[in-house]
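Chains as they are written, first to last, in my numbering: chain A, 40 to 202; chain B, 961 to 1507; chain C, 12 to 585. Reading through the structure tokens given below for one structure.
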Amino acid sequence: MAVATKKPSVLSKSALAKVDQIIARHKDQPGPLLPVLHALQAEFKYLPEEALVRVAIGLDIPLSKIYGVASFYTLFNLRPKAEHVIRACESAPCHVRGAKEVIEALENALGVKVGEDTRDGRFTLELSSCIGVCGVAPAIMIDDEVFGNLTPDMVPGILARFN
Amino acid sequence: MEFYRSHVLVCAGTNCSLKGNRAVREALVQEVARRKLDREVKVVETGCFGLCEQGPTIVIYPEGVLYCQTTVADIPEIVETHLLKGRLVQRLLYKEPVATKPVQTAPELDYFKRQVRVVLRNCGLINPEVVEEYLAQGGYQALGKALTTMSPDEVIATIKNAKLRGRGGAGFPTGLKWEFARKAAGSRKYIVGNADEGEPGTFKDRLILEGDPHSVLEGMAIAGYAVGADYGYIYIRGEYTLSIKRLKLAIEQARKLGLLGRDIFGSGFDFDVEIRTGAGAYVCGEETALFESLEGGRGEPRVKPPYPTDAGLFGQPTSINNVETLANVAPIISRGADWFRSLGTERTPGTKVFTLTGDIVNEGLIEVPMGITLREVIYDIGGGTKDGKTFKMAQTGGTSGGCLPQELLDVPMDYDNLAAAGSALGSGALLIMDDTHCIVDVAKCFARFFEHESCGKCVPCREGTMRLYQLVDKITRGEADEGTIPLITALAEMMYKSPLCPLGQTAPLPIMSTLKYFRDEYDAHINEKRCPTGTCKAIAARVQVAD
Amino acid sequence: MDMVTLTIDGRKVQVAKGATILEAAKAAGISIPTLCHHPDQAVKAVCRVCIVEIQGQRTFQAACAYPAGEGMVVKTNTPAVREARKLIVELILSRHPQDCLKCEKNLHCELQELAENLGIRDVRFEQEVREFAEDHSTPSIVRDPSKCILCRRCVYTCHEVQGVGVLYPINRGKDAIVAPAMDKDLADLACALCGQCTLVCPTGAITERDDTAKVWAAIADPQKHVVVQTAPATRATLGEEMGLPAGTLVTGKLVAALRRLGFDRVFDTDFTADLTILEEGSELIERVKTGGKLPLITSCSPGWIKFIEHYYPDLLPHLSTCKSPQQMFGALAKTYYAEKAGINPKDIFVVSIMPCTAKKFEGQRPEMNDSGYQDVDVVLTSRELGRMMRQAGLDFEHLPEEDYDLPLGISTGAAAIFGATGGVMEAALRTAYELLTGKTLEDVDFKAVRGMESIKEAAVPVDGLNVKVAVAHGLNNARKLMDKLAAGQADYHFIEIMCCPGGCIGGGGQPFGTNNAIRGKRIDAIYREDQRMEFRKSHENPVIKQLYAEYLGRPLGEKSHHLLHTHYTPRSKY
């Protein structure tokens, strides 16, 4: 009679099996939640609600807390993002070296404002506090790749590599 | 071991990799093979060399010649001229900013002359992915010495004698921290390596971990022995993919060699290390927030006391140390406290790794004795401001540090002197700005950072950082009035003393220091609705509309 | 005990080691303002209103969290501290709606009181109130996140006290807010609707749903015969709601007040509490004798029922099938009473005065219509009734003491103690002992099951059987017992569970300001009520005897089964 969830499944059977594997892999380590969320994001590129519910049950942590944790960190996506996520740094070292102009060039090239997805779903443009490569400021990250020492005129060329 | 007549070291740090070091390395390997030199010349990938601005850099040993800004096209010439014919490739040598003649070898550079490399002892010299190279430099001998010839109390006494202070920013005496954790009661104790380097302008921990990961592991194991901890975690930024990869490899290597794991050096001491990655929250660099995050929670700082040495990770006594602090440990154990105290200043011995960013010629990583002046760092090592522009200010300690003007260039760089100047040594970030930058615009950038990174737990920081940003933003738009600065000042004074953790407490520092040293520039924005550098576009637009 | 001596505002104070500066200051007669602090909760230290200066420290420290130390010199009232506190509260106010006069918490709001105490007359920051959708999805609780000041008291209560955990801080920095996962409505969550969050919220961010208008309308409707029932715990708290000291018993004044408000009949839920004991006691005896599902668990507390349906659906067969006293009353009011009084049940409007927000949900359960109508029409909390009394201008303190109407107003001391944790157990034991042994129980006080201890256990020899019982209050304690039960480690015969700490006297619909110290005073009042009653055993209630004789037949009989018993619905956790 135990009723775990009431909703029909959105994720495929194999996806759910992946979620369960991830939970099983980390369940017994101390403080398993962040490793599980990292692994889920690596798998799905965001944190599907249904997966979080399974994590809540699997790790016996209230869903509210899991959501509270997931929404705290900027690297966790609670909604699907575009194919490529651009994280432009606008902290002081990048700012001083002209990050603003680079970000404007990105906005112009993509036709979106910071925080938006391109209409074709290829790029999400976000601001980041610091990506830790200040030696090559201004810098951006596209997915896991870092681009540094940028000038606005380099932007179209970089974006072209992802098309 | 095979014998090679030449070793060609190619930097594989993140910064050089952005500039195409991989292609350069591959081209080198191919060219060396094509010239049938591959039995005489070995191409090695190393960690960061520090001179990021000049990357990709190549150093050829035994002569130690440094080539800068190399490209794939340069490779045939380097191989033919240098490795085959034994002559220098003049055009690729480093040129001092105030150029006299090109500099051949790394130690000759002004950039390196003033540096003392303790923490960065192996960075750029060894292949960080090969544990044997670390061992060949004397690696893990300090751990062996500690485990087999010293008691934990003796280890702590040595670190205390060395007066090593935490390099993460707070400057707390490391030996004392270990002693507290050792004496605290707990069912299990932990060592945590804090690699959640989030301070904008700081990337030293990344380059240490990329260039010499074993130095940090060795420091953690010694700390574990001293404290009585059998387990350690390294909490590292999620963005540091290369560091994570090298650290993982290093842990596996150390385990295989019995340098981590059970009964290390037959001493009965067990110690192992696990990596945990952060997920994008600056505040997790604060030690108790880091514990919360590692335990699976929101990275929100805890109330202190209890302090981490009494109740830290999982509620157990924990010594949490910065990566750079940990990398200092093995040399101190090997060479003794007296040697360490011979470096730096009386109150703060040793060296400090700084990361130079902004309008400075030699952007990158340096290690200098504590107490060196700001002027020496900027001009003697950093090569001065870019493009010969006029120096305006330097922000020390990262975005939570203060901004120092020309008049304070002779301040000695250590915890106490910088604090007295209204700034901080912090993580060793050094951001140089020339006079083309508007102070209010930069202050807004700092304020936005804190607004974005405040965890939101306590009122003064959550609401205060938001309001600080809004108020400074108003000034840049020409919307401020005579009440704005008094309100900023009141807010900053409250925030300096009231928030739960150092993030909120230091958030007003950069604003307070810019107000102190560059008040006239604020006044121009407010009273004359004018941005002296022309940076603030909104104020100009507003004035035009008003006209 | 280790003591430390410190100086606060020039006065030497000695306190036990480990005491906070806030506690030490209190001992010295110095009241430091607080906001997120709650006496029953772990330290949060997030509002920073209680900051003080400690000599030798660069920063202020939160008095609620910082331990008093030997030789410490503390100043609580310097210009810098006052200015910082003011700024902090201004920061909160600048993002808080300025609709205080219309707010449900007006005059009960701790933020309002704090602003007044600090003398705030101006807010130096621009008003910037965040807009959120209000949550009206449940019949019990209304959330208005725009009024949330992120003190996290509700989070502590929801997770640590009630073990429910549907509220948590989400997002970060200036975007942080306390909310359910995915910002869902409470109706879509495994929320017990206990309303404990409404008790601890310092502002109007979480309140009960106000149903007073429906009751005023019914009273004004000449077609309607409006009867009201009062829950056992309300006689110990309505006085407090009307400004009398905590723990004042106001049974007679409450009856008088309800008459003056215009209710046609003033009845008592205590009557059906006695009836519950007859039915539930018989159920226990039957389960023991026939080898039925044991332990039997009480079913009076609707927050507890919703909790077990969500979190332990496998254990539902342990629940007594008895409806709660409120619902037994509703079913009888529109059948037995309607017949006796010769009133068409469709014209009868049943109002309950309850200590509880979950009762509002219980009243609306689809299965609660065995009379052929919705058995209970409107449930008001103690706080809502207080509001009606104030609207009517009643001078509560000077009202005369009046008696309940007949027949559904007669009760025993056993019913009165339903309002306190352990009360149902004690009442059941009083009756079960006499029914099983046929002997008179001389000492009716089962003190082992009384009091605020989290889980109480007792063994009572009854007619050769050692009856093992357990009592838990607060859902986190209930959870511990249920985990034990699920693991097969609970060999009790009978378990009483009350959703709220202290039982119904600490219910989520009780006066604002409820804390454990106040709960203790209310419990004392409840046992005083028991002491002064003529009958103290439910089966001695003469009207109950009459009810069985002329209408129901016998406990667990066919009519009882139809009107007084119910079934439960397994629900999902997510």
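Glycine included, every Cβ here is placed at the ideal spot set by N, Cα and C.
On the three-state DSSP scale, how would you describe N202 of chain A?
By one-based count along the first sequence, residue 202 of chain A stands at place 163. Per DSSP, reduced to three states, the secondary structure at N202 of chain A is coil, with no helix or strand assignment.
Starting from the beta carbon of Y112 of chain A, find every residue of chain B whose beta carbon is closer than 7 Å, and list them in chain order.
Numbered from 1 along the first sequence, position 73 holds the residue referred to as residue 112 of chain A. Near Y112 of chain A (Cβ distances below 7 Å), the residues of chain B are A1239, G1240, A1241.
Are the C-beta atoms of V42 of chain A and some chain C residue less than 8 Å apart?
Counting from 1 along the first sequence, the entry for residue 42 of chain A is found at position 3. The predicted model places V42 of chain A with a pLDDT of 48, which falls under 50 and marks its position as unreliable; any figure quoted below should be read in that light. Taking Cβ atoms only, chain C reaches closer than 8 Å to V42 of chain A, which makes this a yes.
One question on the structure: do P1022 of chain B and P1088 of chain B come within less than 8 Å of each other, judged by their Cβ atoms?
Translated into the one-based positions of the second sequence, residue 1022 of chain B becomes position 62. Translated into the one-based positions of the second sequence, residue 1088 of chain B becomes position 128. No, they are not a contact pair.
Chain C within 8 Å of K1045 of chain B, Cβ atoms only:
On the second sequence, residue 1045 of chain B is found 85 positions in, with the first residue counted as 1. No, K1045 of chain B lies away from the interface with chain C (no Cβ there is under 8 Å from its Cβ).
Which residues does DSSP pair with N1282 of chain B in a beta bridge?
Locating residue 1282 of chain B in the second sequence gives position 322, where the first residue counts as 1. Checking the DSSP bridge columns, you'll see N1282 of chain B partnered with B:N1154.
Sheet register partners of D1394 of chain B (DSSP bridge)
Position 434 of the second sequence, counted from the start, is the residue given in the question as residue 1394 of chain B. In the DSSP output, where bridge partners are listed per residue, D1394 of chain B has B:F1351.
Sort out for me which residues DSSP pairs E1234 of chain B with in a bridge.
Translated into positions along the second sequence, residue 1234 of chain B becomes position 274. DSSP output for E1234 of chain B lists B:Y1193 as bridge partner(s).
Can you list, in chain order, the residues of its chain whose CB lies under 6 Å from that of T1248 of chain B, leaving out five sequence neighbours each side?
Residue mapping note: residue 1248 of chain B aligns to position 288 of the second sequence, counting from 1. If we look at T1248 of chain B and ignore the five residues flanking it on each side, its Cβ neighbours are P1261, R1262.
Distance CB(L1369 of chain B)-CB(T1317 of chain B) smaller than 8 Å
Along the second sequence, read from residue 1 onward, the residue named residue 1369 of chain B stands at position 409. Along the second sequence, read from residue 1 onward, the residue named residue 1317 of chain B stands at position 357. Cβ distance not < 8 Å, so L1369 of chain B and T1317 of chain B don't count as in contact.
Check whether the Cβ of I197 of chain A lies closer than 8 Å to any Cβ atom in chain B.
By 1-based counting over the first sequence, the position of residue 197 of chain A is 158. For I197 of chain A, the answer is no, since every Cβ of chain B falls outside 8 Å of its Cβ.
R582 of chain C - DSSP class collapsed to helix/strand/coil:
Counting from 1 along the third sequence, the entry for residue 582 of chain C is found at position 571. Reduced to three states, the DSSP call for R582 of chain C is coil.
C-beta atoms of V970 of chain B and E1000 of chain B nearer than 8 Å:
As a working note, residue 970 of chain B is residue 10 in the second sequence. As a working note, residue 1000 of chain B is residue 40 in the second sequence. No, these two residues do not count as a Cβ contact at 8 Å.
Check whether the stretch 434-452 of chain C touches the stretch 272-283 of chain C, taking contact to mean three or more Cβ pairs, one atom from each stretch, closer than 8 Å.
no
H484 of chain C vs T432 of chain C beta-carbon contact at 8 Å
Counting from 1 along the third sequence, the entry for residue 484 of chain C is found at position 473. Counting from 1 along the third sequence, the entry for residue 432 of chain C is found at position 421. In contact: H484 of chain C and T432 of chain C (Cβ atoms closer than 8 Å).
Measuring alpha carbon to alpha carbon, tell me which residue in C:W227, C:A244, C:E252 is nearest R271 of chain C.
Here residue 271 of chain C is taken as the residue at index 260 of the third sequence, counted from 1. Here the closest residue by C-alpha is C:W227.
Measuring alpha carbon to alpha carbon, tell me which residue in C:P306, C:V435, C:D414 is nearest G424 of chain C.
Within the third sequence, residue 424 of chain C is the residue found at index 413, counting from 1. When only C-alpha atoms are compared, the closest one is C:V435.
Alpha-carbon spacing of A349 of chain C relative to L567 of chain C, whole angstroms
Within the third sequence, the letter at position 338 stands for residue 349 of chain C. Within the third sequence, the letter at position 556 stands for residue 567 of chain C. Rounded to the nearest angstrom, the two C-alpha atoms are 22 Å apart.
Counting only beta-carbon atoms, is P356 of chain C nearer than 8 Å to chain A?
Within the third sequence, residue 356 of chain C is the residue found at index 345, counting from 1. No, P356 of chain C does not count as interfacial toward chain A.
Can you name the start and end residues of the beta strand (DSSP E) that N355 of chain C belongs to?
Here residue 355 of chain C refers to the residue found at position 344 when the third sequence is read from its first residue. Counting along the chain, N355 of chain C falls outside any beta strand (DSSP E), and DSSP gives it neither H nor E.
With L76 of chain A and A109 of chain A assumed to form a contact (beta carbons below 8 Å), what rounded beta-carbon distance in angstroms separates them?
Start at 1 with the first residue of the first sequence, and residue 76 of chain A comes out as number 37. Start at 1 with the first residue of the first sequence, and residue 109 of chain A comes out as number 70. Their Cβ separation, rounded to whole angstroms, is 6 Å, which keeps L76 of chain A and A109 of chain A in contact under 8 Å.
Please state the DSSP three-state secondary structure of F186 of chain A.
Within the first sequence, residue 186 of chain A is the residue found at index 147, counting from 1. Of the three classes helix, strand and coil, the one that applies to F186 of chain A here is strand, per DSSP.
P71 of chain A touches chain B at which residues, Cβ-Cβ below 7 Å?
For this step, residue 71 of chain A is matched to residue 32 along the first sequence. G1256, listed in chain order.
Would DSSP call N116 of chain A helix, strand or coil?
Here the question's residue 116 of chain A lines up with position 77 in the first sequence. Residue state, collapsed to three classes: coil.
Of all the options C:A438, C:H550, C:D474, which has the alpha carbon lying nearest to the alpha carbon of Y538 of chain C?
For this step, residue 538 of chain C is matched to residue 527 along the third sequence. Among C:A438, C:H550, C:D474, the Cα nearest to that of Y538 of chain C is on C:A438.
Residues of chain D with a CB under 8 Å from the CB of I170 of chain A: which are they?
Judged by its chain identifiers, the structure shown contains no chain D, and its protein chains are A, B and C.
Please decide whether L178 of chain C counts as near chain A, where near means a Cβ-Cβ distance under 8 Å.
Residue mapping note: residue 178 of chain C aligns to position 167 of the third sequence, counting from 1. Closer than 8 Å: yes.
Is any beta-carbon of chain C found at less than 8 Å from that of M961 of chain B?
Residue mapping note: residue 961 of chain B aligns to position 1 of the second sequence, counting from 1. Note that M961 of chain B scores 44 on pLDDT, short of 50, meaning its location in the model is unreliable and no value can be drawn from it.
Just mark M40 of chain A as buried or exposed, buried being the case when its beta carbon has 16 or more other beta carbons within 10 Å.
One-based indexing of the first sequence puts residue 40 of chain A at position 1. In this prediction, M40 of chain A scores a pLDDT of 39, lower than 50, which makes its location untrustworthy; no coordinate-derived value is stated.
Span of the alpha helix (DSSP H), counted from its first residue to its last, around K264 of chain C:
Locating residue 264 of chain C in the third sequence gives position 253, where the first residue counts as 1. Residues 262-272.
DSSP state of P90 of chain C, grouped into three classes?
Your numbering for residue 90 of chain C matches position 79 in the third sequence. In this structure, P90 of chain C counts as helix in the three-state DSSP scheme.
Could you give the distance in angstroms between the alpha-carbon of G1226 of chain B and the alpha-carbon of T1118 of chain B?
Residue 1226 of chain B sits at position 266 when you count from the first residue of the second sequence. Residue 1118 of chain B sits at position 158 when you count from the first residue of the second sequence. Those two C-alpha atoms are separated by around 22 Å.
Let me see if you follow: with CB-CB separation under 8 Å, is E1511 of chain B close to chain C or not?
With chain B covering 961 to 1507 only, the question about residue 1511 of chain B has no answer from this structure.
Top-ranked residue by Cα proximity to G1126 of chain B, from B:Y1339, B:D998, B:S1279, B:N1487
Translated into positions along the second sequence, residue 1126 of chain B becomes position 166. The option with the nearest alpha carbon to G1126 of chain B is B:S1279.
For a test of the three-state rule: what should DSSP assign to T1317 of chain B, helix, strand or coil?
As a first step, residue 1317 of chain B must be located in the second sequence, where it is residue number 357. Taken through DSSP and simplified to helix, strand or coil, T1317 of chain B comes out as strand.
Looking only at its chain, what residues have a beta carbon closer than 6 Å to the beta carbon of V42 of chain A, apart from the 5 residues adjacent to it on each side?
Here residue 42 of chain A is taken as the residue at index 3 of the first sequence, counted from 1. At V42 of chain A the pLDDT is 48, less than 50, meaning the model places this residue with poor confidence; the figure from the coordinates comes in the next sentence. Nothing listed; no residue qualifies.
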